[in-house]
Amino acid sequence: MKSNVGGMDRILRIVVGLVLIGLTVTGNVGVWGWLGLVPLATGAIGWCPPYAIFGWNTCSTKAKS
Numbered sequence: 001m002k003s004n005v006g007g008m009d010r011i012l013r014i015v016v017g018l019v020l021i022g023l024t025v026t027g028n029v030g031v032w033g034w035l036g037l038v039p040l041a042t043g044a045i046g047w048c049p050p051y052a053i054f055g056w057n058t059c060s061t062k063a064k065s
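When we follow the working numbering, the leftmost residue of the sequence shown carries the number 1, and every step to the right adds one.
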């Protein structure tokens with residue numbers, strides 16, 4: 001798997017995932033908050049299946065000399 005989730009995208013996914021899980025654990029949202037595991041996982045591993053399907057990539061690429 002080649003990484004297709006870049007810097008700010010990864011940070012945002014991890015933060016959103018943690019917030020949703022935190023809200024679920026504290027009882028502020030229902031069980032749907034456990035969906036926060038999805039952005040947390042994709043942010044942690046740096047790969048997103050829908051990005052791969054559609055050919056999107058938010059990783060910065062280094063120019064070859």
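We put the CB at the ideal spot given by N, CA and C, even for glycine.
None of the values given here were measured: they were computed from a predicted structure.
- Taking the C-beta atoms as reference points, T58 is found nearer than 7 Å to V5.
- The C-beta distance from G36 to G17 rounds to 4 Å, short enough to fall under 8 Å.
- A direct Cα-to-Cα measurement between I53 and W47 gives close to 11 Å.
- Boundaries of the alpha helix (DSSP H) harbouring V15: G7 to V25, taken from the DSSP string.
- If you look at L35, you'll find it isn't in any alpha helix (DSSP H); DSSP assigns it neither H nor E.
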